[in-house]
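In the UniProt record's numbering, the protein residues as written are 1 to 346.
All C-beta atoms, glycine included, are put in the ideal place defined by N, C-alpha and C.
Have a look at the structure below before the remarks.
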Amino acid sequence: MRRVITFVLLGLGVFAVATGLLLKLYAYPRLAKVPHNIDAKSVAQGSGITALIYVPNGSSVKPEIRENLSLTSTTKVTGDLSQPEVTRDGDVTSWVESSIVKDDASKLTVTAGLRRICLDRHTGEAVVPCEGQYYEDELDKRVTAGRGDLQQPGLNFKFPFGTEQRTYKWYDTEVKEAVDAKFEGVEQIKGLEVYRFALSVPPTKISEREVPGSLIGRDGEPKVKVDLYYEASRTLWVEPTTGAIVSGRQDGKQELRTPDQQAGEGTYVFNGTLQLNDETVSKNAAEAEKNLSKLFAITTLPTILWISGAVLILVALAMLLLARGPQPARGLGNPPTRRQGVGAGV
């Protein structure tokens with residue numbers, strides 16, 4: 001009976017280890033993917049903000065800088081299943097993001113944007129080839145890229161499954177390049193453990209423009225050539241197992257400068273902070289917790305199976321050794337002596 005129990009334990013141990021390997025090597029790559037058919041919405045808000053607003057003026061609009069505004073930024077992300085890179089069980093998906101920032105009081109638009117990219121479903125990084133990738137920061141001014149050109153490099157929308165405590169590259173939609181997202185620490189949000197990442201963009205020239213002189217304090221000049229500078233400090237709170245962003249905040253500035261002006265001497269067309277509101281953070285945390293339970297079988301369970309399997313195998317081997325019992329020692333003793341016959345003589 002003891003021998004039967006020993007081999008049952010050994011079999012269970014081997015089965016547990018093998019199942020853990022199967023979950024990690026086969027199930028994880030198939031299940032730890034972002035969906036093709038995403039349909040998500042996030043809302044960020046801020047107050048005391050300086051911003052440029054286009055005010056209706058008859059049949060046209062007039063740019064006007066206003067202070068102490070309360071703004072709401074709404075971002076929607078949807079899947080684009082029509083792209084040729086997207087296959088049902090493939091590792092690439094295509095997402096479209098639309099965003100708009102409005103003044104709460106007047107409901108006038110501050111900024112708006114639209115973009116489409118192809119993503120690695122495991123890492124959240126932009127990939128090529130990608131048919132139809134583009135971004136559009138101004139109405140009817142779409143910027144496209146060739147199928148093999150990586151237009152929006154780095155992480156977009158989320159961090160990788162199994163996010164680590166290190167620096168990643170995150171795509172900034174204003175400077176149009178990937179910037180460092182540096183790990184800063186571990187925190188709790190809505191009872192969920194999250195990693196805090198910080199991103200910083202120094203004052204960077206992002207475009208050249210012609211603006212009415214009145215916009216920058218030169219009333220006597222109808223048009224003035226200026227450079228638009230952008231700087232930002234962004235913080236992202238990420239649930240590490242899923243890579244989902246739970247909360248986010250951005251302190252940003254945009255400044256119009258003439259060639260003779262230094263940093264801080266120009267005219268700010270944006271200066272303020274936007275942060276994901278509590279409703280969005282709560283929704284993100286709940287969604288992350290739901291996905292954590294789905295990923296339990298392919299993240300935590302393999303480790304449990306490996307440890308349990310190893311313990312069962314060791315117990316079974318110990319029982320096998322004990323069942324053999326002590327073995328006689330094969331030491332060096334005295335050689336046997338031959339008994340002499342009674343009648344033996346010399």
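Flag this pair as yes or no: are the beta carbons of residue i and residue j separated by less than 8 Å?
i	j	result
Ser-207	Leu-228	yes
Ala-181	Leu-199	yes
Ser-94	Lys-76	no
Gly-243	Gly-146	no
Thr-78	Ile-100	no
Val-96	Arg-116	yes
Ser-42	Thr-258	no
Ser-247	Ile-189	yes
Pro-240	Pro-63	no
His-122	Ala-263	no
Leu-52	Phe-270	yes
Asn-277	Ile-245	no
Pro-129	Glu-85	yes
Looking at the secondary structure, which residues open and close the beta strand (DSSP E) in which residue i lies?
i	result
Glu-239	224-239
Phe-159	Premise fails: Phe-159 is in no beta strand (DSSP E) and is neither H nor E.
Pro-259	No beta strand (DSSP E) holds Pro-259; DSSP gives it neither H nor E.
Gln-275	267-276
Arg-196	192-211
Glu-164	Segment: none, Glu-164 is in no beta strand (DSSP E) and carries neither H nor E.
Lys-182	177-189
Arg-142	141-144
Going by DSSP, which residues form a beta bridge with residue i?
i	result
Asp-39	Thr-78
Asp-149	Bridge partners of Asp-149: none, in fact.
Ile-49	Leu-69
Ala-244	Glu-239
Ala-310	BP columns for Ala-310 are empty, so no partner.
Leu-155	Glu-125 and Trp-170
Does the stretch 243-262 come within contact of the stretch 214-232, defined as at least 3 CB pairs closer than 8 Å? yes
Ignoring anything shorter than 3 residues or poking outside the stretch 57-135, list the beta strand (DSSP E) runs there in chain order. 60-79, 92-103 and 109-120
Please confirm if the stretch 214-228 is in contact with the stretch 190-199, defined as three or more CB-CB distances below 8 Å between the two stretches. no
Indicate whether the contact test is met: 3 or more Cβ pairs, each with one atom in the stretch 38-56 and one in the stretch 133-143, closer than 8 Å. no
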